[in-house]
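Worksheet: the structure to be examined is printed underneath.
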Amino acid sequence: MIEPNVMNLLHFIEQFSDEVSCKSHMKKTRSKEGIICKKCQSKKHYWLKSKWMWQCSDCGFRTTLRSGIMMENSNLPIRTWSLAMAFMTYSKKGVFAAELQRQFNHSRYTTLWSLMHRIRSAMGKRDDLYDLEDMIEFDEAYFAVATKASDKQNLKKGRGSQKQSNVVVMAESVPLEDLTTGKQSKQCRYFKMNVLDTHKKEEVNALIGDNFEDTSIVFSDKSTSYVDIGNYVKVHITEKSNKQTTITTLKWAHIALSNAKRTLLSIYHKIKGKYLQLYLDEFCYKLNRRYFGNRLFDRLTIADNNIGI
Ligand SMILES: [Zn+2]
Numbered sequence: 051m052i053e054p055n056v057m058n059l060l061h062f063i064e065q066f067s068d069e070v071s072c073k074s075h076m077k078k079t080r081s082k083e084g085i086i087c088k089k090c091q092s093k094k095h096y097w098l099k100s101k102w103m104w105q106c107s108d109c110g111f112r113t114t115l116r117s118g119i120m121m122e123n124s125n126l127p128i129r130t131w132s133l134a135m136a137f138m139t140y141s142k143k144g145v146f147a148a149e150l151q152r153q154f155n156h157s158r159y160t161t162l163w164s165l166m167h168r169i170r171s172a173m174g175k176r177d178d179l180y181d182l183e184d185m186i187e188f189d190e191a192y193f194a195v196a197t198k199a200s201d202k203q204n205l206k207k208g209r210g211s212q213k214q215s216n217v218v219v220m221a222e223s224v225p226l227e228d229l230t231t232g233k234q235s236k237q238c239r240y241f242k243m244n245v246l247d248t249h250k251k252e253e254v255n256a257l258i259g260d261n262f263e264d265t266s267i268v269f270s271d272k273s274t275s276y277v278d279i280g281n282y283v284k285v286h287i288t289e290k291s292n293k294q295t296t297i298t299t300l301k302w303a304h305i306a307l308s309n310a311k312r313t314l315l316s317i318y319h320k321i322k323g324k325y326l327q328l329y330l331d332e333f334c335y336k337l338n339r340r341y342f343g344n345r346l347f348d349r350l351t352i353a354d355n356n357i358g359i
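At the far end of the sequence shown sits residue 359, using this note's numbering, and the numbering has no gaps.
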């Protein structure tokens, strides 16, 4: 049996066989989304066929195919970007740069490595635009990350090559009640994951302030870092952590954390602490759009990115 992911890639390669087909698709996707003039904010444009650009009908300012999206300042062909995005979105778990390099027959590992991080960064930035609301599960777990290069000596000697990074998960969920049986369950909507640097309550408070609507209801374990959460949201409900809370109150938080750990560990083996957030951004972006199917690729193509890696 052919897996659906493989089908997607075959379809992709058929549809995007060269740079021109990639550019045409980019034009179609961006036109559908709508072009906004950087100079006068007008939405009225016409297409300059020979130049591969839009021209503003009001002020004449021109917008290129790459302008305002994550590949804006890159010299790499649009096809390379598109292929990388296709690999990253079609594969359920993810791919690593060396695999892309092999598949693309590309000479430089670092080029693909930076390109993938740029894509992850755009994914994170896109999800940063949304706040979580209603009922939110809040929990933490430790992720093993590789130590710094300065600790190479230790790696060689087989000494401790890993340390733990603290990751917070925030899972927006809605309660469901089966009216015939009275059984309670929860459906989960969106996730966010953030690496915590200090685990102090100030950092937790900032995270809540930045990511939650103030009308939310937050569920968490009891922790001294969580004491102020109630000041930022409507209600904060704490329960002492036990086996029961992991399958009820914090069900989706636990599922997401263990899936993230399993996925990241099986694909990347050793992630450096400073890049962990980018891998989490990719994981959450795909998880939040798990029902998008093939639309995921088009959405990602036009995602903006002003932040370097
Ligand atoms: Zn204009």
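Where is the CB? At the ideal position from N, CA and C, for every residue including glycine.
Do you know whose CA, among the options, lies nearest residue i's CA?
i, options, result
"residue 311", "332, 294 and 297", "332"
"residue 80", "58, 62, 104 and 70", "104"
"residue 77", "162, 159, 101 and 234", "101"
"residue 262", "251, 236, 184 and 248", "184"
"residue 270", "189, 341 and 305", "189"
"residue 342", "140, 229 and 119", "140"
"residue 74", "92, 97 and 89", "97"
"residue 321", "277, 289, 147 and 278", "147"
"residue 220", "340, 163 and 334", "334"
"residue 217", "127, 114 and 306", "306"
"residue 107", "118, 85, 120 and 121", "85"
"residue 126", "161, 110, 174 and 295", "161"
"residue 213", "168, 222 and 197", "197"
"residue 336", "225, 313, 236 and 325", "313"
"residue 222", "286, 293 and 302", "302"
"residue 71", "129, 178 and 135", "129"
"residue 165", "131, 177, 191 and 272", "131"
"residue 142", "350, 340, 287 and 354", "340"
"residue 37", "346, 351, 251 and 325", "Residue 37 falls outside the range modelled here, since the chain spans only 51 to 359, and no answer is possible."
Consult DSSP for residue i and reduce its assignment to one of helix, strand or coil.
i, result
"residue 51", "Annotation note: pLDDT 42 at residue 51 (below 50); position unreliable, coordinate value reported separately. Reduced to three states, the DSSP call for residue 51 is coil."
"residue 242", "strand"
"residue 98", "strand"
"residue 254", "helix"
"residue 153", "helix"
"residue 356", "Low confidence applies here, because residue 356 scores a pLDDT of 47, under 50, leaving its location unreliable; read the following figure in that light. Of the three classes helix, strand and coil, the one that applies to residue 356 here is coil, per DSSP."
"residue 66", "coil"
"residue 334", "helix"
"residue 90", "coil"
"residue 135", "helix"
"residue 262", "strand"
"residue 248", "coil"
"residue 271", "strand"
"residue 103", "strand"
"residue 320", "coil"
"residue 129", "helix"
"residue 345", "helix"
"residue 340", "coil"
"residue 312", "helix"
"residue 116", "coil"
"residue 85", "coil"
"residue 123", "coil"
"residue 158", "coil"
"residue 72", "helix"
"residue 164", "helix"
"residue 143", "coil"
Residue i: buried (16+ other C-beta within 10 angstroms of its C-beta) or exposed?
i, result
"residue 275", "buried"
"residue 180", "exposed"
"residue 319", "exposed"
"residue 187", "buried"
"residue 170", "buried"
"residue 249", "exposed"
"residue 344", "exposed"
"residue 174", "buried"
"residue 144", "buried"
"residue 61", "exposed"
"residue 64", "exposed"
"residue 53", "Low local confidence applies: a pLDDT of 48 at residue 53 is under 50, so the model's placement there is unreliable, with the coordinate-based value given in what follows. Exposed, because fewer than 16 other Cβ atoms sit within 10 Å of the Cβ of residue 53."
"residue 58", "buried"
"residue 279", "buried"
"residue 242", "buried"
"residue 83", "exposed"
"residue 66", "buried"
"residue 155", "exposed"
I'd like the ranges of any alpha helix (DSSP H) spanning at least 4 consecutive residues and lying wholly in the region 167-238.
Annotation note: the region 167-238 contains the following uninterrupted alpha helix (DSSP H) runs of length 4 or greater, listed N- to C-terminal: 202-206.
Shell residues, 6 Å Cβ cut-off relative to heavy atoms of ligand 1
With 6 Å as the limit, the residues whose C-beta approaches any heavy atom of ligand 1 more closely are 87, 89, 90, 92, 106, 108, 109 and 111, in sequence along the chain.
Contiguous alpha helix (DSSP H) assignments of at least 4 residues, all confined to the region 278-302:
Contiguous alpha helix (DSSP H) elements confined to the region 278-302 occur at 293-297, taking only those with 4 or more residues.
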